[in-house]
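Asker: According to the working numbering, the residues represented by the sequence shown are 7 to 161, in order. Just passing along the structure, written as structure tokens.
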Amino acid sequence: GLTFVENKIVTIMKTPSTSPRKNALGSLGCLTLLLLALVSFNPVYAQDQTSSTETTQDGRVIKGIISDDSGPVEGATVILKGTKTGTSSNEKGEFTFPKPLKSGDVLLISYLGYKNQELKIDDSTNRLEIMLTEDLIEFTGALNSNKPYKSKRSK
């Protein structure tokens, strides 16, 4: 800019300065991109499925199969009692519980149209074979057939 001092023109040159905050944000962005690049180029390996049971410090991973009289049941729910942790069976009726379980834990098994079951895990539990039994479903209420159905048309 120009500044007048006692009828003389003095030119003041401003040099661009970078604030420490802008430098920090720029280096943080570069660091984020570098970290993202490192993570995205690392190889990913699948877990080895040679063992049917795994033991961890917290407990053991429980696997099993759920079936009924006609074969495997897909979509049956397996929940740890008192929690919201659970899983469901696949098309072959197989499941692997997502959390290691300890002796004394109780699993709740349910499926629509079948009786709910509770299974207590003990020291010898590694693999579960669960057979569901049918349950009678009762509908409550009364059907009123005295009054014909009329649709309400909007005007």
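Using N, Cα and C, we set each Cβ at its ideal position, and we do this for glycine too.
#1: Beta strand (DSSP E) containing L114: first to last residue?
#2: List the endpoints of the continuous beta strand (DSSP E) containing D74.
#3: Decide yes or no for the touch test of the stretch 138 to 156 against the stretch 105 to 121: beta carbon pairs closer than 8 Å, at least 3 of them.
#4: Once you ignore the five residues that flank S58 on each side, which residues in its own chain have a CB closer than 8 Å to its CB?
#5: Could you name the residues of the same chain whose beta carbon sits closer than 7 Å to that of S157, not counting the 5 residues immediately before and after it, in chain order?
#6: Between the C-alpha atoms of S109 and I143, what's the straight-line distance to the nearest angstrom?
#7: To test your reading of the DSSP string, which unbroken beta strand (DSSP E) runs of 3 or more residues are found completely within the stretch 119 to 153?
Answerer: Reading from the atomic positions:
#1: First-last of the beta strand (DSSP E) with L114: V112 to S116.
#2: In the DSSP assignment, D74 falls within the unbroken beta strand (DSSP E) covering K69 to D74.
#3: Judged by Cβ distances under 8 Å, the stretch 138 to 156 makes contact with the stretch 105 to 121, as three or more pairs qualify.
#4: With a pLDDT of only 42 at S58, under 50, the local geometry of the prediction cannot be trusted, and no value is derived from it.
#5: So no residue of the chain qualifies.
#6: Counting only the Cα atoms, I143 lies some 33 Å from S109.
#7: If we require 3 residues or more, the beta strand (DSSP E) runs fully inside the stretch 119 to 153 come out as 123 to 126 and 133 to 137.
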